[in-house]
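Novice: Under my numbering, think of the first position of the sequence shown as 1374, with each following residue one higher.
Below: one structure in structure tokens.
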Amino acid sequence: MSLHQWFVDRGLKLWTHYPSSRTDQAFLAPPSDRPVGFPERVMLEDADVIMGHFGPNYTDGQLLEELRVAGFQRKCQEWTVLREPLDLVTSLRYYTYPGMDDDTFIDCISPSRGGGHRSSAGPCKDWTREDIHGHELRPGRHFGLHNGMCIQFTDLYMRAFDGADWHPCDLESAKNTLLGFDGVGFLDDMIPTLNAWEALFGLTRTAKPKHSHRTRGNTGFDLLRDDIKHAIVQHNADDIILYHWAVRQFHS
């Protein structure tokens, strides 16, 4: 079961926002971009839960200020949910590059040769796939292959999103961002987080479904080719440190 569906099944109105570019980051108070569980898309002002991808320009209270500007006046808590880094990058491999051969993926996860992760030379740059509408996509090197979780919680995020070249992640900055949330959950053990959310909304505690978040074709990190596993570990060392720090700091 997805988190989207879990919220809807608990009778909560879900509003989602998954931006595809920097210019799409701003709140314009549109209807939810995913009509989960409702015949009509939920409007922002009616939402019980606001869920999506928000860059660090929305941390330190700025997300709540954006919501107020957009007309949302309800009291909020801000949470984020982390995913184990090796599982996260493995999933990204199958979600972003379905059907890609292993040798090309090794090039995708290799350090950028300059010019930004989307423009660097090599077979990864030239690899294409079709989207659901039959349009050709050329994803290039996704910033999430290299400490993407750590970068997401620093000011490097939007630069990476826009195709800038890689930079070392500031672990202390990422930790401070996480400390600013009301709560931090973990995808591989969502029960404490779901219990906390039920308490927040005054809901009766229920049996928790197993959360499934595995892309088609993804058989897991352990079954990847050895050189791919080594590359994932090598190029996501900061994410691994950050994740295990967060588990010690927040998980109970």
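Each residue gets a CB set at the ideal place from its N, CA and C atoms; glycine is no exception.
#1: Span of the alpha helix (DSSP H) holding Val-1620?
#2: Taking the beta carbon of Gln-1378 as the centre, do at least 16 other beta carbons fall within 10 Å, making it buried, or is it exposed?
#3: Tell me the DSSP secondary structure of Glu-1457 in three-state form.
#4: Output the distance between the C-alpha atoms of Lys-1602 and Pro-1458, rounded to the nearest integer angstrom.
#5: Tell me, please, whether the segment 1555 to 1564 touches the segment 1444 to 1455 by the rule of three or more beta-carbon pairs shorter than 8 Å.
#6: Should Val-1462 and Ile-1605 be called a contact, given that it needs their Cβ atoms to be closer than 7 Å?
#7: Using alpha carbons as the reference points, say which of His-1390, Glu-1438, His-1426, Phe-1427 lies closest to Leu-1417.
#8: Are Thr-1577 and Ala-1547 touching if we call contact CB-CB under 7 Å?
#9: Tell me which same chain residues have a C-beta within less than 6 Å of the C-beta of Ile-1423, skipping the five on either side of it?
#10: So is Leu-1567 in contact with chain C if we call contact Cβ pairs under 7 Å?
#11: Of the choices Asp-1475, Arg-1447, Leu-1440, whose alpha-carbon is the least far from that of Leu-1596?
#12: What are the start and end residues of the beta strand (DSSP E) that includes Thr-1389?
#13: Suppose contacts are defined by Cβ-Cβ distances below 7 Å. Is Gly-1590 in contact with Tyr-1470 by that definition?
#14: The alpha helix (DSSP H) spanning Val-1381 covers which residue range?
#15: Residues bridged to Val-1557 by DSSP?
#16: Can you give the Cα-Cα distance for Glu-1571 and Val-1442, rounded to whole angstroms?
#17: Can you tell me the Cβ-Cβ gap for Leu-1385 and Phe-1574, rounded? I've got them flagged as a contact below 8 Å.
#18: CB Ala-1662 to CB Leu-1551, shorter than 7 Å?
#19: Hey, could you find the ends of the alpha helix (DSSP H) Ile-1482 is sitting in?
#20: For the alpha helix (DSSP H) containing Val-1415, name the first residue and the last one.
Specialist: Let me spell this out:
#1: 1610 to 1623
#2: exposed
#3: coil
#4: 12 Å
#5: yes
#6: yes
#7: His-1390
#8: no
#9: Trp-1388
#10: Looking at the structure shown, chain C is missing, and only one protein chain is on hand.
#11: Asp-1475
#12: 1387 to 1390
#13: no
#14: 1376 to 1382
#15: Thr-1453
#16: 28 Å
#17: 7 Å
#18: The first residue shown for the chain is 1374 and the last is 1625, placing residue 1662 beyond what the model contains.
#19: 1475 to 1482
#20: No alpha helix (DSSP H) holds Val-1415; DSSP gives it neither H nor E.
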